[in-house]
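Engineer: Numbering-wise, our numbering puts 20 at position 19 of the sequence shown, and it's gapless, one number per residue.
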Amino acid sequence: MSENGMPVESGKGGVGAGAIFAFGGLGLLAVFILQNTEEVPVDFLFWNVTWPLWLVIILSAVLGTFVWIGLGIMRRHRRRKERRQARRG
2 MSENGMPVES GKGGVGAGAI FAFGGLGLLA VFILQNTEEV PVDFLFWNVT
52 WPLWLVIILS AVLGTFVWIG LGIMRRHRRR KERRQARRG
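1. For residue 55 versus residue 33, is the C-beta spacing smaller than 8 Å?
2. For residue 43, which option in 31, 36, 35 and 58 has the closest C-alpha, if you only look at C-alpha atoms?
3. From residue 20 to residue 90, what distance separates their C-alpha atoms?
4. Considering just the uninterrupted stretch of the alpha helix (DSSP H) at residue 67, what are its terminal residues?
5. In this structure, does DSSP put residue 16 in helix, strand or coil?
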């Protein structure tokens, strides 16, 4: 606190490490997209489409992320139920 009772700023300013990594990741993603622009056929069940390779890879990664998070939620729920049952008897 300063003399007038106002909080003193910590002196931290500028760009943090998280922002640097985020912008670096966006830069790498831009390079990845620019290098993988060729069209590839995608066949799934009865759908047949032609998409850019970068889009196929990113959509696959996003889908994999949702599956991974869903499995983690199911595991956490199962462990919570087991702990609840152990407390009851």
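We treat Cβ as the ideally placed atom computed from N, Cα and C, and that holds for glycine.
Structural biologist: Here's the rundown:
1. yes
2. 58
3. 49 Å
4. 54 to 89
5. coil
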